[in-house]
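So for the sequence shown, numbering that gives the first Met the number 0 puts the first residue at 0; every next one is plus one.
Reviewing the structure listed below.
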Amino acid sequence: MDIRYVGLYVLSVLVAACSQILLKTAADKTYSSRLREYLNVPVIAGYGLMAVSLVMTMVAYRGVPLSYGPVIEALGYVFVAVLGWIFLKERLTGRKAAGMVLIIAGILLIQVTQ
Numbered sequence: 000m001d002i003r004y005v006g007l008y009v010l011s012v013l014v015a016a017c018s019q020i021l022l023k024t025a026a027d028k029t030y031s032s033r034l035r036e037y038l039n040v041p042v043i044a045g046y047g048l049m050a051v052s053l054v055m056t057m058v059a060y061r062g063v064p065l066s067y068g069p070v071i072e073a074l075g076y077v078f079v080a081v082l083g084w085i086f087l088k089e090r091l092t093g094r095k096a097a098g099m100v101l102i103i104a105g106i107l108l109i110q111v112t113q
């Protein structure tokens, strides 16, 4: 397994998390029309980032075994929670923090045992 491709995959998960934050920001606003609800900068940027993330993931699979994909994708939960806390001022509860610790521990455990 090539570490560069793993890094690219992790970056693609981070880009997808940023996309979700943009889309959540857009969803929290009120728009004057149905058209403006879907044709605005955060929505277009969010879907654009999701497309970029998809391409990055496809390239990353050149050097990452398929069995590692879901493991790396699990980082998305951590990224979204942290980005939501930073940018959306969402509350980071003890349960969320414990879940993130378990996700990271699981990823490390799988990495060590392989």
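Ideal Cβ placement from N, Cα and C applies to all residues, glycine included.
Original post:
In chain order, which beta strand (DSSP E) runs of at least 3 residues are fully inside the stretch 8 to 50?
Top reply: none
Subject >> C-alpha distance - Val-14 paired with Leu-53, whole-angstrom precision >> reply: Mapped onto the sequence shown, residue 14 falls at position 15. Mapped onto the sequence shown, residue 53 falls at position 54. Distance between the alpha carbons of Val-14 and Leu-53 is about 9 Å.
**OP:** Quick one: using the 10 Å Cβ neighbour count with 16 as the cut-off for buried, is Gly-6 buried or exposed?
**Re:** Position 7 of the sequence shown holds residue 6. So Gly-6 ends up on the exposed side.
Original post:
Which whole-angstrom value is the C-beta distance of Leu-21 and Pro-41, which I expect to be below 8 Å?
Top reply: Looking up residue 21 in the sequence shown gives position 22. Looking up residue 41 in the sequence shown gives position 42. Right, the Cβ-Cβ distance comes to about 5 Å (below 8 Å), so this counts as a contact.
Subject >> Ala-16, buried or exposed, once every other Cβ within 10 Å from all chains shown has been counted against 16 >> reply: Counted from its first residue, the sequence shown places residue 16 at position 17. With 16 or more other Cβ atoms within 10 Å, it is buried.
**OP:** Take Leu-74 as the anchor and find which of Tyr-8, Asp-1 and Arg-94 has the nearest alpha-carbon.
**Re:** As a working note, residue 74 is residue 75 in the sequence shown. Of Tyr-8, Asp-1 and Arg-94, the residue nearest in Cα terms is Tyr-8.
Original post:
For Ser-18, is the classification buried or exposed, using 16 other Cβ atoms within 10 angstroms of its Cβ as the cut-off for buried?
Top reply: Looking up residue 18 in the sequence shown gives position 19. Buried, because 16 or more other Cβ atoms sit within 10 Å of the Cβ of Ser-18.
Subject >> Cα-Cα separation, Arg-35 to Ala-50 >> reply: Taking the sequence shown and counting its residues from 1, one reaches residue 35 at position 36. Taking the sequence shown and counting its residues from 1, one reaches residue 50 at position 51. Each residue's Cα considered, the two are about 21 Å apart.
Subject >> Beta-carbon spacing of Lys-23, Leu-91 below 8 Å >> reply: As a working note, residue 23 is residue 24 in the sequence shown. As a working note, residue 91 is residue 92 in the sequence shown. Cβ distance not < 8 Å, so Lys-23 and Leu-91 don't count as in contact.
Subject >> Alpha-carbon to alpha-carbon, Gly-98 and Gly-68 >> reply: Here residue 68 is taken as the residue at index 69 of the sequence shown, counted from 1. Here residue 98 is taken as the residue at index 99 of the sequence shown, counted from 1. Cα to Cα, the separation comes out at about 19 Å.
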